[in-house]
Amino acid sequence: MIRTLPRSTPISRLLLAVTIPLALALLLPTVYLALRAAQVPSGDALSYLTRAGTLRVIGRSLLLVGAVSLSAAAIGIPAAWLTVRTDLRARRLWTVVLTVPLVIPSYVFALALVGALGQRGFVQGWLAPLGVERLPSIYGFWGAWLAITLLSYPYVFLSVRAGLKGLDPALEEASRTLGRSGWETFRRITLRQLMPSITAGVLLVALYTLSDFGAVAIMQYNVFTRAIYLRLSLDLGLAALLSIVLVALSVGILVLAHITEPRGSHYTQRSARVPRRVTLGRWQGAAQAFLALIALGALIAPLGVLSYWLVNGLQHGETVNSVLAPLQRSIRAAALAALAAGALALPFVILQVRYPSRLSHALAQGAYLGYALPGVVVGLAFVFLGAKALGALNQTFGLSDYRSLGLLVFAYVVRFLPQAIGPARAGLLQVNPHLEESALTLGRSRPRVFLSVTLPLMRPGVIAGVALMFLTAMKELPITLLLAPTGYTTLATQIWSASSEAFYARAAAPALVLVLISALSLVYILDSDD
Amino acid sequence: MVRVRHTIASLLLVIALASIVIPIPPSNNGEHLLDAAEAQGTSLTVYSGRSENLVGPIIEQFEKDTGIEIEVRYGDTTSLALALVEEGRNTPADVFFSQDAGALGLLTNADLLTPLPAYILDSVEPRFRDPNGTWVGITGRARVVAYNTDALSEEDLPETLFGFTDPAWRGRIGFVPTNASFLAHLTAIRVVEGDDAAREFVEGLIANQALEYERNPAAVAGVAAGEVDAALVNHYYLFRLLAENPDAPVANYYFPGDDIGNLINVAGVGILSASDAKPLAQQFIAYLLSRTAQQYFAEETFEYPLLIGFPADPRLKPLDEIETPEINLSDLDDLQGTLDLLDSLLTQ
């Protein structure tokens, strides 16, 4: 029997007092959209939603989400298994290399992919001697699918890696002793135990695919985010209506993920024993080739194209603007948002895990609602609210603009908080409550137990969440364009402004710096025992 | 390994904290100046859909010449137009500098722009401004056909844009289907010639296996390299190419008469009704149409200066010799039909 409200203690009341207003703030963009959509006469709304063009957009979005989820799992799961459970050579290097694509902004990635695989891209240039005059068009489904798969599979990779490490090898050993084959054991024991990690990773991939704008815009694939963006300039009400449908889709995905997640306790944190690594033997070469192929598409190709643009542009006398101040602005906004998100994620997670109830669950899940919204919609919601607030404050304080670093950071938090909640929750789920109870019976107060027992144990999860939040905020573009204070140029806006004018070297320099700095933050995400 | 990780982790933490704590030096104009200017009511806020690389220098010059401080917010034209719609009366913006006429049309239809004074309007031909005077063009971008002069001479090119749907052009033509300028052009075709004509045009290009380029410069470079004989682009990409490669065998072709192929879209400006600094805003727009600024734009972008009588780059076909199709550029805000059309044709 699941409680509707969490059991009432001073702590749970405090947690509710913090999380309820926060959850309401997170819902602001969705509420704004609902208000906008409500302005559309219901007859118009219905005929717009059911017309062929809209249905095509819905169909395409579902197709893309399904295809990317499958392919990201097909890459992420074996890659995780190879790096955790086998005697793969250069495991550490592969782990880092396979994670780095996470930090590349999708618009940069897609541009570079077109540079490489376009009808007249680099690859065509290499194939020209073989008589290949043009490659098939990369635009449309295939380009979008390829770009988003290569950008988002690290979510599955990281999640499954963590899951594999938490597995107790005793179960697998028991299965083998009982006479099951290695493959059957993998399928029936390992894979089944891994389901929560796979689900969590694929969930992030699915939501990322729904909300991505950069890649689908460049690849010209008309899914929700692009349709909404194009609609915005024509009819805000209908764009809002589309956004609400998008939110409904992401709720559907969340519910699906919730249903498939097995019930029961999770705190079988890794056993003291390390499982025996599978010997790859003659498969070693094939495994290396598989990972190399992924690295080639996901990392080497985009970085190669960027480097080429930089060198080529410099040779043609393009001057590159200084990236130092934009770098500092990017880091400042992203770091503030990441720290805030790390702190704000805690009450949601503790309430959900330690005081389970329908309300606790709804509050944590509510944070995911806005996650699938395109950034430009979240940005416009804050433009609207900011301008309304400014109208009221203007007389009192003589303010001339509502934009500020604070508003920007707040918008980042609203947009990306789930990225901090997910890993923190996984971290807390692995902390055995008996440890806390022992400390309590030994006379420690609740707050001290939290600080001295719980927090240190869940720390890796919290830190990973903060780092993930940081690197996502570093590359965020549409919200930054709309809400950053005037003159607050960041790396992302610098890349955007240069690439929109086809100054590729000017775009490549900040892009490479962005990837480098964000890649450093991966040390917080990857486990230290590799 | 562990030590390396710890070093990186601490390094990043230090960088992050330093970025938060250490003040960022102001970019070009000191904020204190801006504050002082705001207090005296001599400051202006501009939302610019045109890039900082292009507009920044001319704005600095204006500030220097007049002592008026300008705060510029750069962004993409559509998002800024939307932000203006959302901000409504509370907008901090005084002036909107748009990359294309469509976004200005959007604001005009939302009743957010205030009419400009006659002395500004009269310095630009009527075909390059709103009929009700809510916005005015600053520079013009002509749609042209860039063609390879080794492969073709002017006589080989069709007399109308629709001529490129002739099977004779199979495999010889390039275009940039997703570029905003092409979309605006297609919208113009819809407005002037009707939806069916626009559909047949795109279908004809596709049937002719027109090569899709992702960017205009790539399309012009493709013409130079002989990948295609001709490409539908804006006029100024040719001159960017010639600056790099003066011997490139490429020239621009304009259609005879007022063919729809001769559309000239504009980058233009309007003043927000909500502005409390309208006289300053007018002064700024007048400056953008001054000889100094027009000269700057012409040299920097090879776009057509729209100040009446001001000469364009001598290599360009003069503006008064180009007959443009009969169209109200504000109508280019009707993008939806265009997108629906492309949507059904390109992403099947």
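Those protein sequence lines, which keep their order, are chains A and B.
Take 1 as the starting number for the first sequence in our numbering and just add one per residue.
Take 531 as the starting number for the second sequence in our numbering and just add one per residue.
Glycine residues also receive a C-beta, built at the ideal position from the N, C-alpha and C atoms.
(Q) Looking at the secondary structure, which residues open and close the beta strand (DSSP E) in which A/Ser357 lies? (A) Counting along the chain, no beta strand (DSSP E) covers A/Ser357, and no H or E run does either.
Q: Count the other C-beta atoms from every protein chain shown that fall within 10 angstroms of the C-beta of A/Gly443, then say buried if there are 16 or more, exposed otherwise.
A: By the Cβ-count criterion, A/Gly443 is exposed, with fewer than 16 other Cβ atoms from all chains shown falling within 10 Å of its own Cβ.
Q: Run the CB neighbour count on A/Ser250, radius 10 Å, all protein chains shown included, and call it buried at 16 or more, exposed below.
A: Label assigned to A/Ser250: buried.
Q) Start and end of the beta strand (DSSP E) containing B/Ser879? A) No answer is possible for residue 879 of chain B: it lies beyond the span of chain B, which begins at 531 and ends at 878.
Q: Mark A/Gln315 as exposed unless 16 or more other C-beta atoms lie within 10 angstroms of its C-beta, in which case mark it buried.
A: When all chains shown are included, A/Gln315 counts as exposed.
Q.
Quick check: the segment 3 to 10 of chain A against the segment 350 to 363 of chain A, are at least 3 beta-carbon pairs closer than 8 Å?
A. Touching, yes.
**Q.** Selection from A/Ala74, A/Val114, A/Ala217, A/Val132 that minimises the alpha carbon distance to A/Thr149
**A.** Ranked by how close their Cα comes to the Cα of A/Thr149, the residues A/Ala74, A/Val114, A/Ala217, A/Val132 have A/Ala74 in first place.
Q | Bridge partners - A/Val513, DSSP secondary structure assignment | A | According to DSSP, A/Val513 bridges with nothing at all.
Q. Helix, strand or coil for B/Ala548 per DSSP?
A. Correct three-state label for B/Ala548: helix.
Q | Nearest to A/Leu135 (by Cα), restricted to the options A/Leu191, A/Leu82, A/Gly118 | A | Distances from the alpha-carbon of A/Leu135 to those of A/Leu191, A/Leu82, A/Gly118 put A/Gly118 closest.
Q) Which residues in the same chain have their Cβ closer than 8 Å to the Cβ of B/Pro855, if we skip the five residues on either side of it in sequence? A) Excluding sequence positions up to five before and after B/Pro855, its CB lies within less than 8 Å of the CB of Ala718, Val722, Asp788, Asp789, Ile790, Asn792, Leu793, all in the same chain and listed in chain order.
Q: List the residues of chain B whose Cβ lies closer than 8 Å to the Cβ of A/Gln315, in chain order.
A: None at all; the shortest Cβ gap to chain B is about 11 Å.
**Q.** Among A/Pro456, A/Ser12, A/Gly304, the one whose alpha carbon lies nearest that of A/Val108
**A.** Distances from the CA of A/Val108 to each of A/Pro456, A/Ser12, A/Gly304 were compared; the closest alpha carbon is that of A/Gly304.
Q: Determine the burial state of A/Ala508: buried for a count of at least 16 other Cβ atoms within 10 Å of its Cβ, exposed for fewer.
A: A/Ala508 is buried by the Cβ-count criterion.
(Q) Which residues in chain B have a C-beta closer than 7 Å to the C-beta of A/Ser521? List them in chain order. (A) Contact annotation for A/Ser521 against chain B: Leu542 [CB-CB distance below 7 Å, chain order].
Q) Would you say B/Gly605 faces chain A, with C-beta separation under 8 Å as the test? A) So yes, B/Gly605 belongs to the interface.
Q) Any idea what DSSP makes of B/Ala842, helix, strand or coil? A) Looking at B/Ala842 - three-state DSSP - the assignment turns out to be coil, as it is neither helix nor strand.
Q. Closest by CA to B/Val602, which one among B/Val758, B/Thr596, B/Asp624?
A. Answer by Cα proximity: B/Asp624.
Q: Have a look at A/Thr480, A/Ser357, A/Val100, A/Gln193 and flag the residue whose alpha-carbon is nearest the alpha-carbon of A/Ala295.
A: Looking at the Cα atoms, A/Val100 is the closest of the given residues.
Q. What are the complete alpha helix (DSSP H) segments, minimum 4 residues, inside the segment 284 to 346 of chain A?
A. Within the segment 284 to 346 of chain A, the complete alpha helix (DSSP H) segments of 4 residues or longer fall at 284 to 295, 301 to 315, listed in chain order.
Q. So, do the segment 839 to 847 of chain B and the segment 601 to 620 of chain B have three or more beta carbon pairs nearer to each other than 8 Å?
A. Too few Cβ pairs lie closer than 8 Å, so no.
Q) Measuring CA to CA, which of B/Leu837, B/His715, B/Phe827 is closest to B/Asp864? A) The shortest C-alpha separation from B/Asp864 is found at B/His715.
Q.
So if DSSP puts B/Tyr604 in a beta bridge, which residue, or which two residues, is it bridged to?
A. Looking at the DSSP assignment, B/Tyr604 forms a beta bridge with B/Ser578.
Q) With a CB to CB cut of under 8 Å and the five nearest residues on each side skipped, what residues in its chain are close to B/Ile589? A) Result list for B/Ile589: Val576, Ile600, Val602, in chain order.
Q) Where do the ends of the alpha helix (DSSP H) carrying A/Ala200 lie? A) In the DSSP assignment, A/Ala200 falls within the alpha helix (DSSP H) that extends over 191 to 211.
Q: To the nearest angstrom, report how far apart B/Thr877 and A/Gly140 are at their CA atoms.
A: The predicted model places B/Thr877 with a pLDDT of 46, which falls under 50 and marks its position as unreliable, so this point remains unresolved.
Q: Name, please, each residue of chain A whose Cβ falls closer than 7 Å to the Cβ of B/Asn620.
A: Near B/Asn620 (Cβ distances below 7 Å), the residues of chain A are Ala387, Lys388, Leu390, Gly391.
Q: For B/Asp641, count neighbouring Cβ atoms within 10 angstroms of its own Cβ and tell me buried if that reaches 16, exposed if not.
A: In the assembly as shown, B/Asp641 is an exposed residue. Its beta-carbon has fewer than 16 other beta-carbons within 10 Å.
Q. To the nearest angstrom, how far is it from the Cα of B/Ile703 to the Cα of A/Ser499?
A. Rounded to whole angstroms, B/Ile703 to A/Ser499 spans 25 Å at the Cα level.
Q | Neighbourhood of A/Met458 by C-beta distance below 6 Å, restricted to the same chain and skipping five residues each side | A | Only Gly427, Leu428, Val431 meet the Cβ criterion.
Q: Take B/Ser711 and list the residues in its own chain whose beta-carbon comes closer than 6 Å to its own, dropping the five residues that flank it on each side.
A: Excluding sequence positions up to five before and after B/Ser711, its CB lies within less than 6 Å of the CB of Asn764, all in the same chain and listed in chain order.
**Q.** 8 Å Cβ cutoff met for A/Val114 and A/Gly121
**A.** The beta carbons of A/Val114 and A/Gly121 sit closer together than 8 Å.
(Q) What does the alpha-carbon distance come out to for the pair A/Ser69 and A/Ser61? (A) Rounded to whole angstroms, A/Ser69 to A/Ser61 spans 12 Å at the Cα level.
Q) Count the other CB atoms within 10 Å of the CB of A/Trp496; is the residue buried (16 or more) or exposed (fewer)? A) Burial call: buried.
Q.
In chain order, what are the residue ranges of uninterrupted beta strand (DSSP E) at least 3 long that sit wholly in the segment 656 to 682 of chain B?
A. Runs found: 665 to 678.
**Q.** Alpha carbon of A/Arg180 to alpha carbon of A/Arg36, nearest angstrom
**A.** Looking at the two C-alpha atoms, the distance is approximately 58 Å.
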